[in-house]
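Below you'll find the structure, written out as structure tokens, and then a few comments.
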Amino acid sequence: MINSKTLGSILIIAGTTIGAGMLALPIASAGLGFSAAIVILFLTWSLMTYTALLMLEVHQHADENATLNTLAKSLLGRKGQVIANCSMIFLFYALCAAYISGGGSQLQTNVDRWFSFALSPQVSVVIFALLFGSIITLGTGTVDKVNRLLFTIKVMVLATMFFMLTPHVQGQHLLEMPIEKGLILSAIPVVFTSFGFHGSIPSVVKYVGIDVKLLRKIMVIGAAFPLIIYLLWQVISQGLMTQEHLLASDGLTGFIASISALLHDSTVSYAITIFADLALATSFLGVSLGLFDFFTDALNKGNNKKDRLITAVVTFLPPLGFALFYPQGFIIALGYAAIALVILAVFLPVAMVWRQRKQQDLSADSYQVKGGTFGLAGATIAGVIVIGAQCAQMVGLLPSVG
């Protein structure tokens with residue numbers, strides 16, 4: 001029987017992972033062929049689940065309130081702490097700015113659609129930031145409750161979407177051979193970032209306490225849920241049209257328009273739009289919760305109202321400012337998202353576990369992720385491949401997809 005906190009933590013992990021970026025997966029994997037896309041999904045899920053378990057191995061010997069700031073400092077020293085903090089702040093500020101900007105835009109559109117009331121873009125962005133910032137400031141318990149509600153609705157919308165699209169899947173599309181093998185490398189950064197939830201791990205540990213067996217269950221199930229959803233989405237999206245048709249889609253908007261035209265039904269575009277809104281909200285909750293707890297630790301703030309308010313200002317004011325006054329800044333920053341995520345979710349966990357195993361005289365009953373040195377080396381190589389693919393896209397050696 002799964003208790004309330006366990007279920008809530010699983011949904012925080014899954015909700016953070018299943019973001020609006022899921023809709024980009026069919027575009028990113030267009031041209032690979034269904035089989036190659038599925039293999040990449042499995043390999044990426046295995047990597048990210050493995051490194052999440054590495055984080056638990058590190059957390060078991062630390063205080064339950066510890067975040068990446070404290071863990072990196074204790075195991076990797078001052079230089080490791082600086083690298084961890086810079087990567088965390090860079091990536092999560094960029095993500096929060098993107099979510100605030102996108103959420104404000106969707107709020108403006110929905111208020112106009114449902115209430116025939118025009119909000120300015122700036123006011124919409126501020127309202128969105130204040131609303132979700134207040135939820136985060138109230139604590140993980142409040143985030144848990146709101147996330148459960150949004151995640152439940154999201155799953156219902158997703159099920160409706162799948163029900164509408166499944167009858168139109170054609171098996172021959174799933175048997176098509178890859179159009180261009182080089183596209184596999186191009187797809188890797190997009191698929192990799194779609195499994196990013198590691199910034200939320202310290203918040204979950206703080207919420208449920210240091211119970212390695214329970215936390216393993218939370219990480220494995222929380223990461224497996226998105227994998228199942230992504231696999232179903234790949235079957236449906238790649239089964240609806242040919243690879244050439246997918247490649248010809250003009251981004252996400254063109255992809256949604258293609259599906260609507262194929263089905264001769266505009267309802268599906270509304271369903272996809274609602275799903276994207278909910279996915280953005282749950283991802284923002286998970287990301288900003290992780291950033292909030294990170295700053296609580298880094299700034300040595302307590303849990304009283306004054307300290308939480310200060311932490312909230314540090315957490316939300318900079319990304320809100322970027323979203324309002326320099327939107328191009330976070331768009332540029334998101335181009336480096338895969339690189340920052342590799343540092344946070346792969347290199348740092350591997351380095352901390354390696355140092356911990358070397359430095360500490362661990363007891364026989366201490367949890368240790370299987371794989372030994374071979375597993376750590378394999379994860380590091382995989383991280384280098386992701387960074388290499390991202391850098392190759394930046395310099396134009398590979399096409400940018402997704």
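For the sequence shown, our numbering gives the first residue as 1, with consecutive numbering after it.
Ideal placement from N, C-alpha and C gives every residue a C-beta, glycine not left out.
Alpha-carbon to alpha-carbon, residue j and residue i
{"i": "GLN214", "j": "LEU149", "result": "Reading off the sequence shown, one finds Leu at residue 214, where the question assumed Gln. For LEU214 and LEU149, the distance between alpha carbons rounds to 23 Å."}
{"i": "GLY31", "j": "SER186", "result": "11 Å"}
{"i": "PRO158", "j": "ARG357", "result": "The question names Pro, but residue 158 is Leu in the sequence shown. Taking the straight line joining both Cα atoms gives about 43 Å."}
{"i": "ALA279", "j": "GLY302", "result": "31 Å"}
{"i": "TRP354", "j": "ASP365", "result": "18 Å"}
{"i": "ALA52", "j": "PHE195", "result": "11 Å"}
{"i": "VAL82", "j": "LEU54", "result": "20 Å"}
{"i": "THR273", "j": "THR152", "result": "16 Å"}
{"i": "TYR207", "j": "ASN3", "result": "13 Å"}
{"i": "LEU165", "j": "ILE136", "result": "35 Å"}
{"i": "ARG78", "j": "VAL395", "result": "32 Å"}
{"i": "TRP114", "j": "LEU107", "result": "10 Å"}
{"i": "PHE163", "j": "ILE310", "result": "46 Å"}
{"i": "THR282", "j": "ILE229", "result": "15 Å"}
{"i": "PHE117", "j": "ASN110", "result": "9 Å"}
{"i": "THR49", "j": "THR16", "result": "14 Å"}
{"i": "PHE92", "j": "VAL126", "result": "18 Å"}
{"i": "SER266", "j": "MET161", "result": "12 Å"}
{"i": "PRO226", "j": "LEU138", "result": "27 Å"}
{"i": "THR44", "j": "ILE188", "result": "8 Å"}
{"i": "VAL155", "j": "GLN359", "result": "44 Å"}
{"i": "TYR270", "j": "ILE256", "result": "10 Å"}
{"i": "LYS5", "j": "LEU397", "result": "46 Å"}
{"i": "SER46", "j": "ALA224", "result": "10 Å"}
Bounding residues of the alpha helix (DSSP H) (the contiguous stretch that carries residue i)
{"i": "VAL369", "result": "Premise fails: VAL369 is in no alpha helix (DSSP H) and is neither H nor E."}
{"i": "ALA66", "result": "Unbroken run through ALA66: none, as it is neither H nor E."}
{"i": "ILE343", "result": "Neither: ILE343 is in no alpha helix (DSSP H) and is coded neither H nor E."}
{"i": "SER237", "result": "212 to 240"}
{"i": "GLN356", "result": "348 to 359"}
{"i": "ALA323", "result": "305 to 325"}
{"i": "HIS245", "result": "243 to 248"}
{"i": "THR17", "result": "4 to 17"}
{"i": "GLU57", "result": "34 to 59"}
{"i": "HIS173", "result": "171 to 174"}
{"i": "LEU397", "result": "Note, LEU397: premise wrong, no alpha helix (DSSP H); not H, not E."}
{"i": "GLY290", "result": "267 to 298"}
{"i": "TYR207", "result": "201 to 208"}
{"i": "GLY141", "result": "140 to 165"}
Exposure label - residue i; buried when at least 16 CB within 10 Å
{"i": "SER101", "result": "buried"}
{"i": "ALA377", "result": "exposed"}
{"i": "ASN69", "result": "buried"}
{"i": "ASN147", "result": "buried"}
{"i": "GLY222", "result": "buried"}
{"i": "GLU57", "result": "buried"}
{"i": "MET219", "result": "buried"}
{"i": "MET88", "result": "buried"}
{"i": "CYS96", "result": "buried"}
{"i": "THR373", "result": "exposed"}
{"i": "GLN234", "result": "buried"}
{"i": "PRO407", "result": "Examination of residue 407 is not possible in this model, given that the chain is present from 1 through 402 alone."}
{"i": "ALA261", "result": "exposed"}
{"i": "ASP293", "result": "buried"}
{"i": "TYR99", "result": "buried"}
{"i": "SER134", "result": "exposed"}
{"i": "LYS112", "result": "As written in the sequence, residue 112 is Asp, which differs from the Lys given in the question. Its Cβ having fewer than 16 others within 10 Å, ASP112 is exposed."}
Nearest to residue i (by Cα), restricted to the options the options
{"i": "PHE192", "options": "ILE387, GLN393, GLY396", "result": "ILE387"}
{"i": "PHE34", "options": "LEU175, GLY77, LEU7", "result": "LEU175"}
{"i": "ILE12", "options": "GLU244, THR140, HIS245, VAL169", "result": "THR140"}
{"i": "THR315", "options": "LEU334, GLY290, HIS245", "result": "GLY290"}
{"i": "LEU75", "options": "CYS391, GLN122, ALA351", "result": "ALA351"}
{"i": "ALA389", "options": "VAL342, LYS370, PHE92, GLN108", "result": "VAL342"}
{"i": "PHE347", "options": "PRO121, GLY371, VAL268, VAL384", "result": "VAL384"}
{"i": "MET241", "options": "SER258, TYR230, LEU227", "result": "SER258"}
{"i": "GLY239", "options": "ALA333, PRO26, GLY15", "result": "PRO26"}
{"i": "LEU190", "options": "THR6, ASP112, TYR336", "result": "Per the sequence shown, residue 190 should be read as Val rather than Leu. Closest option to VAL190, Cα to Cα, is TYR336."}
{"i": "LEU458", "options": "SER260, PHE128, ALA72", "result": "The shown model of the chain, from 1 to 402, leaves out residue 458, and the question about it has no answer."}
{"i": "CYS391", "options": "PHE284, GLY371, ALA340", "result": "ALA340"}
{"i": "LEU299", "options": "THR67, THR160, VAL287, ILE10", "result": "THR67"}
{"i": "HIS173", "options": "SER9, LEU246, GLN122, LEU47", "result": "LEU246"}
{"i": "ASP277", "options": "MET22, LEU7, SER9, GLY8", "result": "MET22"}
{"i": "SER124", "options": "VAL143, LYS145, LEU130, GLY104", "result": "GLY104"}
{"i": "LEU263", "options": "LYS5, LEU41, VAL169, GLN122", "result": "VAL169"}
{"i": "GLY171", "options": "GLN243, LYS73, GLY329, LEU324", "result": "GLN243"}
{"i": "PHE325", "options": "PRO121, ALA14, LYS73", "result": "PRO121"}
{"i": "PRO319", "options": "LEU130, LEU41, ALA84", "result": "LEU130"}
{"i": "ILE38", "options": "ILE236, GLY19, PRO202", "result": "ILE236"}
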